[in-house]
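In this note's numbering, the protein residues as written are 27 to 244.
Glycine included, every Cβ here is placed at the ideal spot set by N, Cα and C.
Inspection log for the structure reproduced underneath, given as structure tokens.
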């Protein structure tokens, strides 16, 4: 019986990917570099710090990762605050409320920095539903390393067999499976470059899930 659900955030709870891409493009322009879509797609699911370390090494930049991170977050926050069209993914709030009302423990395990997580949770009133919010900035290794999901399972108070992960990225699905957790891949965009085929099941709409369906996952 499933007792805890661990959500990724970007692309699962909220569609911040276009916003992030715009903000990151401004940051890359400011740094004088060009990051192709092919390279960018490999970053999805990585923590901000690890992405910037890769960029620093790839483009032989002199700036420190800390300085780059602050500048990158400034661009993101500016874009986030200005974007009045940003919405939760369709149906995800209904699912979260359904799980919460039925006593399921709900956690967030996102590669995003804490600043980004807090902005999303405050804007959309999600704090009451989640027992823990775990940020990738607290881990040395990003997804597909399982560290963040192993921590989420530990914080849930249940075993890995009593938890599920909902993920949309290639790296996220790999991380969930490496942690020994049942993974539901969320793929709502047929044109996405992210591969969810390693997930235990794949959905395209949150209406395909509810408390009863998740509870009885074996």
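In this structure, residue 211 lies near residue 193, with their beta-carbon atoms less than 8 Å apart.
For residue 158, there is no enclosing alpha helix (DSSP H); the enclosing beta strand (DSSP E) covers residues 158 to 161. Contact annotation: the stretch 60 to 71 does not touch the stretch 114 to 122, with fewer than three C-beta pairs closer than 8 Å. Shortest Cα-Cα distance from residue 221 to any of 198, 60, 234 involves 198. Judged by their CB atoms, residue 178 and residue 160 are nearer to each other than the 8 Å cut-off. A direct Cα-Cα distance of roughly 24 Å separates residue 214 from residue 74.
The secondary-structure analysis by DSSP pairs residue 134 across a beta bridge with 33, 159. When secondary structure is reduced to three states using DSSP, residue 220 falls in the coil class, being assigned neither helix nor strand. Where residue 193 is concerned, the enclosing beta strand (DSSP E) starts and stops at 189 to 193. Between residue 121 and residue 158, the gap from beta carbon to beta carbon reaches 8 Å or more. If the five residues before and after residue 79 are omitted, its C-beta is found closer than 8 Å to the C-beta atoms of 91, all from its own chain and listed in chain order.
Residue 114 has 40 as its beta-bridge partners, per DSSP.
For residue 91, the secondary structure class from DSSP, reduced to helix, strand or coil, is helix.
Counting only the Cα atoms, residue 130 lies some 35 Å from residue 104. Straight through space, the alpha carbons of residue 113 and residue 41 are spaced by roughly 7 Å.
Here the stretch 45 to 62 makes no contact with the stretch 229 to 244; the two share fewer than three CB pairs at distances below 8 Å. Comparing alpha carbon positions, the residue from 224, 44, 162, 100 closest to residue 77 is 162. Between residue 102 and the set 127, 175, 146, the nearest pair of CA atoms involves 146.
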